[in-house]
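**Student:**
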Amino acid sequence: MPQTPVSSAVSEPTDHPLSGFVVAIDGPSGSGKSSVSKQVARTLGYAYLDTGAMYRALTWWCLDRHVDLDDPAAVAAAAEDFPLDIGTDPDAPHVLVGGADVAEAIRETRISTSVSKVATVIPVRELLRLLQRQLISKAGAARGGVVVEGRDITTVVAPDASVRILLTASEEARLARRSRELHGDADETSVSATRAQIVDRDRLDSTVSVFTVAADGVTTVDTSELDFDGSVRAVLHIVAAARA
Numbered sequence: 001m002p003q004t005p006v007s008s009a010v011s012e013p014t015d016h017p018l019s020g021f022v023v024a025i026d027g028p029s030g031s032g033k034s035s036v037s038k039q040v041a042r043t044l045g046y047a048y049l050d051t052g053a054m055y056r057a058l059t060w061w062c063l064d065r066h067v068d069l070d071d072p073a074a075v076a077a078a079a080e081d082f083p084l085d086i087g088t089d090p091d092a093p094h095v096l097v098g099g100a101d102v103a104e105a106i107r108e109t110r111i112s113t114s115v116s117k118v119a120t121v122i123p124v125r126e127l128l129r130l131l132q133r134q135l136i137s138k139a140g141a142a143r144g145g146v147v148v149e150g151r152d153i154t155t156v157v158a159p160d161a162s163v164r165i166l167l168t169a170s171e172e173a174r175l176a177r178r179s180r181e182l183h184g185d186a187d188e189t190s191v192s193a194t195r196a197q198i199v200d201r202d203r204l205d206s207t208v209s210v211f212t213v214a215a216d217g218v219t220t221v222d223t224s225e226l227d228f229d230g231s232v233r234a235v236l237h238i239v240a241a242a243r244a
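Going left to right, the sequence shown walks through residues 1 to 244 as the UniProt record's numbering numbers them.
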């Protein structure tokens with residue numbers, strides 16, 4: 001069954017107040033945002049929202065409809081009719097577009113290399129920002145808290161979050177992680193194949209969002225020398241301190 005278009009799902013053209021304990025995690029590609037955020041949500045029993053998946057799903061929708069991604073007006077128009085349904089269960093975060101399960105499709109290389117063209121369209125960012133605040137509030141109220149991750153989360157989408165964290169890592173560490181994720185290895189060839197995708201995407205995204213330097217009130221967690229469990233513990237420590 002088709003979902004309600006995003007423009008109709010946004011109930012009010014104003015900021016929706018947040019509910020529950022909100023943990024906002026920002027950071028560059030390959031910093032571990034998604035995997036760490038998801039595990040933190042599981043540990044706390046909170047909901048989980050991947051806002052990056054929303055931009056990826058919209059990119060899939062645009063490509064499926066043969067929208068010219070180099071035409072910002074066409075992309076913005078497509079966003080108005082974007083029939084998205086995204087889940088907030090950290091154990092099963094579904095992503096449906098028009099009823100189609102695109103959770104795996106939005107991770108394909110063609111999406112990764114195109115998503116910045118969609119994510120840098122200002123009207124699209126504002127429309128999705130409003131929807132993201134609604135989703136955060138609804139999920140936070142239902143489960144007592146929510147971990148939300150993605151670009152602009154700590155500064156634009158949820159500057160009023162209970163905890164705001166910039167999860168970062170050296171370029172070398174980020175490239176190695178994403179290389180293992182995409183190619184199963186972090187050898188020189190695999191890292192080289194990954195470099196352009198990571199560096200170019202961060203460069204393009206940085207034209208509309210700041211995610212490399214922590215804003216006032218945002219705590220930086222550098223995961224360069226941390227393994228996955230260590231990264232999760234570091235975030236949980238910050239959350240525990242804020243809740244004390």
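Note that CB positions come from ideal geometry on N, CA and C, so glycine has one too. Because the structure is a prediction, the values reported are computed rather than measured.
Give a yes or no on whether the C-beta atoms belonging to R151 and D50 are separated by under 8 Å.
**Tutor:** Cβ atoms of R151 and D50: not closer than 8 Å.
**Student:** Any idea what DSSP makes of T220, helix, strand or coil?
**Tutor:** Correct three-state label for T220: strand.
**Student:** Going by Cα to Cα distance, which pick from G52, R42, L69, A141 is closest to V157?
**Tutor:** Here the closest residue by C-alpha is G52.
**Student:** Please determine, among Y46, T154, P123, the residue with the shortest C-alpha to C-alpha distance to A214.
**Tutor:** A214 has its Cα closest to that of T154, out of Y46, T154, P123.
**Student:** With three or more C-beta pairs closer than 8 Å as the rule, is the segment 61–75 touching the segment 111–123?
**Tutor:** Counting Cβ pairs under 8 Å, three or more are found: they touch.
**Student:** Going residue by residue through the segment 93–157, where are the continuous beta strand (DSSP E) segments of at least 3 residues, counting only ones entirely within it?
**Tutor:** Entirely contained in the segment 93–157, the beta strand (DSSP E) runs reaching 3 residues are, in chain order, 95–97, 145–149.
**Student:** At 4 residues or longer, what runs of the alpha helix (DSSP H) sit wholly inside the segment 17–42?
**Tutor:** Correct list: empty.
**Student:** Quick one: what's I86 bridged to in DSSP?
**Tutor:** Partner(s): V95.
**Student:** Should R65 go down as buried or exposed, given a rule of 16 or more other Cβ atoms within 10 Å for buried?
**Tutor:** Exposed, by the Cβ-count rule.
**Student:** Given this structure, state the Cα-to-Cα distance separating P2 from P159, to the nearest angstrom.
**Tutor:** Confidence at P2 is low in this model, with a pLDDT of 42, below 50, so the placement of that residue is unreliable and no value is reported for it.
**Student:** List the whole-angstrom C-beta distance separating H94 from A103, where the pair is believed to meet the contact cut-off of C-beta under 8 Å.
**Tutor:** Indeed they touch by this definition, with Cβ atoms about 6 Å apart.
**Student:** Suppose the cutoff is 8 Å on Cβ atoms and the five residues either side in sequence are ignored; what does the same chain contact list for D15 look like?
**Tutor:** These residues qualify, in order along the chain: L130, R133.
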